[in-house]
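Using the UniProt record's numbering, the letters of the sequence shown correspond one by one to residues 1 to 432.
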Amino acid sequence: MESEGLTNEQPSTSYNGDEHVNNWGSLGNSHDNEHSSIPIAEICPTFEEEIFPYKKQRPERAGETQSQQGSQSTRHDSREDDNFVAEDDAEGIGPTFPPTDAFGFIRKPEQIDNNRPRIDMPTLHRREKKWIEMLENWRYYMDDKFDKVRSRCRKGIPPALRGRAWKYLSGAAYQMEVSNNQYVFDYLQRQPGDPKFVDEIMKDLNRQFPEHELFARTGKYAQGGKEDLFELLKCWTVLHPEEGYCQGQAPVASVLLMHMPLKDAFYCFVQVCHKYLQGYYSAGLEAVQIDGDILNQLLKEKSKNSYRHLKKNHVEPVLYMIEWFMCVYCRSLPWPTVLRIWDMFFCEGVKILFKVAIVILRGVLGTNDQCKAHPDLHSIVIGLKNLPNQVTNEDTLVKKVCELEIDDVAMERLHYQAMKLRQMRQNGKRNF
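Encoded structure:
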């Protein structure tokens, strides 16, 4: 069940879910798309598949500068601040826009001052140089020095290089160079998309991080951000008409667009759906439910107090972990913590999602006193939706995640057991 790497760029030791599709051109060609009679593979020229060093620096996007490193503890939900409106400048220079924090989220001036990130610029510049050198020698590091790559991801990727690093870690940089994939995105953009999926996507555009300048009504880049989000999700539905669109995909796509241009974000998004979260967004959410069963078994081994209390109160994993896993925690944790999790997620795979969940559950239900403070199903679910700062703090949570050991062989075993259990449930059997 362990995912094989796309190339040597992908460590074979990380648990990333089920096997994924490497050739999007042939994959798209296998679908019966009523909106086009041209097979994708026919429009893609062929040449020897090689990995070319990706040295072109992308243009700076909203909310991503070299000074982004910070430790704000503000959780970002779907509330929009209407106090800020873009207005014409008094001197006629042009419209002015509300101030943002280091991550591009619209904030009142006093909020930005109070939460200003503390940056050690010399250290940040040294780390940036190390990452640039590593990205320019990517195959060497992934083949011979993967421990160094993992260590640097765990420390946090420098903000100015985060998008580029995610693209390499996910294998999207390689997929963009594969002959059959190079022109897939351009082809998909030209397709109108299924009206049913288009309508569903349009309804969700205004719900995605409305307080971020890339998507906010008053944001500096709002119109372009929403257009990019629509294009990315529409292209996915054209590539996978049998799966279509799932609401859980929009937050993931939005985070990617905050860090990279549309085309890069699309290829990275497809890697997330094919390689990391395969089957998560399919009808019935069966893959997520299987991972919920795996999480339950891991809790039994790693956090007995949490496991017993959840079981006693009949709290199934699907009641709290679906949003965590499907959105890769971007709807549930403070933003600096989210970015650190994503850095590790792209490097080490879906196993990181399980480790974060265990750390959170230990922090909320790990002691007898904590269990007494959450005596029933309702209070437990509420407690897991309103996580305390001492649990979600960036440095604290990441440190505990890195200290938590989960063996890949154990993950394989638990996945097999979860699949067998689900099959028996479907067959009406009670014992496992």
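Beta carbons: idealized from backbone N, C-alpha and C, even for Gly.
Only a predicted model underlies this, so the values are computations on that prediction, with no experimental measurement involved.
In this structure, how does DSSP classify residue i when only helix, strand and coil are distinguished?
i	result
residue 396	helix
residue 388	coil
residue 123	helix
residue 167	helix
residue 337	helix
residue 259	coil
residue 106	strand
residue 237	helix
residue 212	strand
Please list, in chain order, all residues of the same chain as residue i whose beta carbon is under 6 Å from its beta carbon, the five residues on each side excluded.
i	result
residue 338	329 and 330
residue 400	359
residue 353	325
residue 423	none
residue 162	259
residue 416	none
residue 414	294 and 297
Who are the near neighbours of residue i in its chain, counting only those whose CB is closer than 8 Å to its CB and skipping five residues on each side?
i	result
residue 314	377
residue 307	296, 299 and 300
residue 148	134 and 141
residue 404	302, 355, 358 and 359
Compute the beta-carbon to beta-carbon distance between residue i and residue j, rounded to the nearest angstrom, for a pair I have assumed lies under 8 Å.
i	j	result
residue 135	residue 347	Between residue 347 and residue 135 the Cβ distance is about 13 Å, and since that is not below 8 Å, they are no contact.
residue 238	residue 252	The Cβ separation is near 18 Å, so there is no contact.
residue 326	residue 280	6 Å
residue 197	residue 244	5 Å
residue 391	residue 340	Between residue 340 and residue 391 the Cβ distance is about 14 Å, and since that is not below 8 Å, they are no contact.
residue 131	residue 152	7 Å
Within 10 Å of its beta-carbon, does residue i have 16 or more other beta-carbons around it, so buried, or fewer, so exposed?
i	result
residue 293	buried
residue 284	exposed
residue 250	buried
residue 140	exposed
residue 175	buried
residue 88	Only weak support is given to the placement of residue 88: the predicted model assigns it a pLDDT of 43, under 50, and the question is left unresolved by the model.
residue 447	In the structure as shown, the chain begins at 1 and stops at 432. Residue 447 is therefore absent and cannot be evaluated.
residue 412	exposed
residue 380	buried
residue 226	buried
residue 290	buried
residue 334	buried
residue 181	buried
residue 288	buried
residue 192	exposed
residue 418	buried
residue 351	buried
residue 444	What the structure shows of the chain is the stretch from 1 to 432, and residue 444 is not part of that stretch, so it cannot be assessed.
residue 407	exposed
residue 240	buried
residue 126	exposed
With a CB to CB cut of under 7 Å and the five nearest residues on each side skipped, what residues in its chain are close to residue i?
i	result
residue 303	358, 361, 362 and 366
residue 204	247 and 250
residue 228	257 and 262
residue 309	365 and 371
* To do: May I ask you to verify whether the region 316-336 touches the region 355-365, counting CB pairs closer than 8 Å and requiring at least 3?
  => yes
* Asked: Is the region 150-159 in contact with the region 185-193, if contact means three or more CB pairs nearer than 8 Å?
  -> no
* Asked: Is the region 362-375 close to the region 418-429, with three or more CB pairs under 8 Å?
  -> no
* To do: May I ask you to verify whether the region 260-274 touches the region 382-389, counting CB pairs closer than 8 Å and requiring at least 3?
  => no
* Does the region 141-149 come close enough to the region 226-246 that 3 or more CB-CB pairs lie under 8 Å? -> no
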